[in-house]
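**Q**
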Amino acid sequence: MRLFLDTANIDEIRDLAWLIDGVTTNPTLVAKEKRPFEKVIEEICELVDGPVSAEVTALDADGMVAQARPLAALHKNVVIKVPMTEDGMKAVQVLTAAGIRTNVTLVFSANQALLAAKCGASFVSPFVGRVDDVGGGGMDLVAEILETLQNYAFGTEVIVASVRHPRHVLEAALLGAEIATVPYTVVKQMFRHPL
Ligand code: E4P
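Okay, so the sequence shown: first residue is 546 according to the working numbering, each after it adds one.
#1: What three-state label does DSSP hand V585 in the structure shown?
#2: Using three-state DSSP, classify D551 as helix, strand or coil.
#3: Can the beta-carbon of N622 be found closer than 8 Å to that of V597?
#4: Short check: CB of I724 to CB of F549, under 8 Å?
#5: Just to confirm before moving on: does the CB-CB distance between V703 and F672 stay below 8 Å?
#6: Can we count S667 as close to the ligand E4P, meaning its CB is less than 7 Å from some heavy atom?
#7: Taking 7 Å as the cut-off, is the beta-carbon of R547 closer than that to any non-hydrogen atom of the ligand E4P?
#8: Using DSSP bridges, identify the partner residues of E702.
#9: With a threshold of 16 other CB atoms inside 10 Å of the CB of E600, please say whether the residue is buried or exposed.
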């Protein structure tokens, strides 16, 4: 199982660079750093030799593609994070055809994951914490997505996202999810046990 760090904080990434296989950022996480977006992404790519997700903010497909191209050109590790919308999936098709990897974010159903995979997404990110927050079963969603994608040869990998506690990581591993993206504090919690 690969472990990504869900942060845009350079100190956190530097501390765990020896352990992690990639990084996911989002606009909220980058905004917290109060530094230019591209600069933060470039620095992360220098620290971690694995996929680094950088999210587009445009709402239309053309706008997403226009934002994605220069971001992807920043570094070979950059993966473009695209929201799960109809326009987002049009953008994923264009980016995939151009050889640019994508991570479809804000996935809340197996049908959404199926559509993302069909459009060529490299990664899909089901948000387990947010599904749990509204009384759903975040891990049931991951199980459904894994079972659905295993029936085909899309080549899309599942990143378990919106992780809130160590149990989420363990349950993702028990289900055989390829990747979990985990906040810094949760990775630190995973090392410890009260006994
Ligand atoms: C994943 O790529 C996202 O950055 C992240 O997991 C969002 O989760 P949250 O906003 O529910 O914490």
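Note that the Cβ used here is the ideal one computed from N, Cα and C, for glycine as well.
Predicted model, so just to flag it, every value in this text is computed and none were measured.
**A** On the basis of the coordinates in this document:
#1: The three-state reading of DSSP puts V585 in helix, counting H, G and I together.
#2: Strand, per DSSP.
#3: Cβ distance < 8 Å, so N622 and V597 count as in contact.
#4: Contact: yes.
#5: Contact flag unset, no.
#6: Checking the Cβ of S667 against the ligand E4P gives no.
#7: Answer for R547: no, Cβ out of range of the ligand E4P.
#8: For E702, the pairing in a beta bridge is given by DSSP as F668.
#9: With 16 or more Cβ atoms within 10 Å of its Cβ, E600 is classed as buried.
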